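Per this note's numbering, the very first residue in the sequence shown carries number 4; after that it's consecutive.
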Amino acid sequence: SDPYYVGKTGNFNINAGKNNKYKVTLSSNFGYLQVSSYPEQSAKVFIDGEEVGKTPYTSGKLLAKNHEIQIVKEQYETVNQTVEISKDGITQNIRVQLRPLFALTTLSCADEKAELLVNGERKGIKNWTGRLEAGTYELEARKDLCHSSLRTVTIANGSDTTFHLEKPIPFSGKLVVTSTPTDAEIFLNGKKAGFTPVEISPITVGTYDLKIRKIGY
4 SDPYYVGKTG NFNINAGKNN KYKVTLSSNF GYLQVSSYPE QSAKVFIDGE
54 EVGKTPYTSG KLLAKNHEIQ IVKEQYETVN QTVEISKDGI TQNIRVQLRP
104 LFALTTLSCA DEKAELLVNG ERKGIKNWTG RLEAGTYELE ARKDLCHSSL
154 RTVTIANGSD TTFHLEKPIP FSGKLVVTST PTDAEIFLNG KKAGFTPVEI
204 SPITVGTYDL KIRKIGY
């Protein structure tokens, strides 16, 4: 007998004065298991509750019977399956589909310097692609001295999605320029901006070079 073979029981005769030889052939009572997973490999493989390796996985000898197989990978649904291992050393091949518990999500913004955030967590600048679990999220494109661009979205498992965020809108103010005498020419950052008195609105928040000139002054 042997744990991995079908045992045999019987009688044999010993003949006096002879070298008695008996050859007993036992039928194998085991098989092998090969497990792969997609769309990703490196999933943990458990056989009858014991962790034995990661996909792609090839087992050693397994007794010919039903075995409980479990495939586990982070961010994917756990797969439980009963597998019947055949005798005579046959290899059973299993290819397991892993169902994602996330969606591959892409964020983009036309502003080259916009910071992208998901639920307040910084993800990148201008573009970002990553995994988000199913749920509702607040997306934000943020930039200094600007009103953030906000968007609330709902994501479902397995649904790869791209979201585009508007450019953040710069804060603005108003510039009023008067002079005595009036009708003086105004330049902002070297560009003509009218004659006094003038009101420039809206004007983006920031620092400007202001020049006022009038012939004879």
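Ideal Cβ placement from N, Cα and C applies to all residues, glycine included.
Keep in mind the model is a prediction, meaning the values are calculated, not measured.
- Within the stretch 37-95, no alpha helix (DSSP H) run of at least 4 residues lies entirely inside it.
- Just so you know, the alpha carbons of residue 113 and residue 134 end up roughly 22 angstroms apart.
- Here the C-alpha atom of residue 64 lies approximately 16 angstroms from the C-alpha atom of residue 97.
- With 16 or more other CB atoms across the displayed protein chains lying within 10 angstroms of its CB, residue 46 is buried.
- Residue 133 carries a strand assignment under DSSP once its states are collapsed to helix, strand and coil.
- CA-to-CA, the gap between residue 206 and residue 105 works out to about 43 angstroms.
- Short of 8 angstroms from the beta carbon of residue 117, and not among the five residues preceding or following it, lie these beta carbons of its own chain, in chain order: 128, 129, 144, 145, 146, 152, 168, 170 and 171.
- Beta-bridge partners of residue 110 (DSSP): 131 and 166.
- Of the residues 198, 154 and 55, the one whose Cα lies closest to the Cα of residue 142 is 154.
- In terms of Cβ geometry, residue 182 and residue 208 do not form a close pair [threshold 9 angstroms].
- Counting the other CB atoms within 10 Å of its CB gives residue 38 a total of 16 or more, which places it among the buried residues.
- Taking a contact as a CB-CB distance under 8 angstroms, the pair residue 61 and residue 41 does not count as one, their CB atoms being some 17 angstroms apart.
- Looking at the DSSP output, residue 102 bridges to nothing.
- Spatial neighbours of residue 192 in its own chain (CB-CB distance under 8 angstroms, excluding positions within 5 residues in sequence) are listed in chain order as 211 and 212.
- Nearest C-alpha to residue 70 among 195, 190, 52 and 119: 52.
- In this structure, residue 74 and residue 81 form a Cβ contact; the two beta carbons are roughly 7 angstroms apart against a cut-off of 8 angstroms.
- In this structure, the CA atom of residue 77 is about 25 angstroms from the CA atom of residue 166.
- Distances from the alpha-carbon of residue 156 to those of 139, 120, 50 and 164 put 139 closest.
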